[in-house]
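Reviewing the structure listed below.
In my numbering, the protein residues as written are 23 to 96.
Below, the structure is given as structure tokens:
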């Protein structure tokens, strides 16, 4: 049986520093921006991420892209 992935959504996630926990572990917070165009190039997504990071008060730790696919049988 053949399975075909169907793109459902793409999100931009900024992982931001949120201080230090009581046990000394680093805390992070995710800022998720949904509905990124599936045709957007990685370079373009990163450029937008850098602009958004400039608006944040917290330090950025990582820029992530999440693609969600639905698997359908043919």
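We put the beta carbon where it would ideally sit given N, CA and C, even for glycine.
- [ ] Could you check if residue 34 is buried or exposed, using at least 16 other CB atoms within 10 Å of its CB as the buried criterion?
- [x] buried
TODO: Could you check which residue in 53, 93, 64, 86 has the C-alpha nearest to that of residue 77?
DONE: 53
- [ ] Take the Cβ of residue 36 as the centre, count every other Cβ of all protein chains shown within 10 Å, and call the residue buried at 16 or more, exposed below.
- [x] buried
- [ ] State buried or exposed for residue 73, treating a residue as buried only when at least 16 other CB atoms are found within 10 Å of its CB.
- [x] exposed
Task: Close-in-space but distant-in-sequence residues of the same chain around residue 27 (CB under 7 Å, 5 per side omitted) - done: 91, 93
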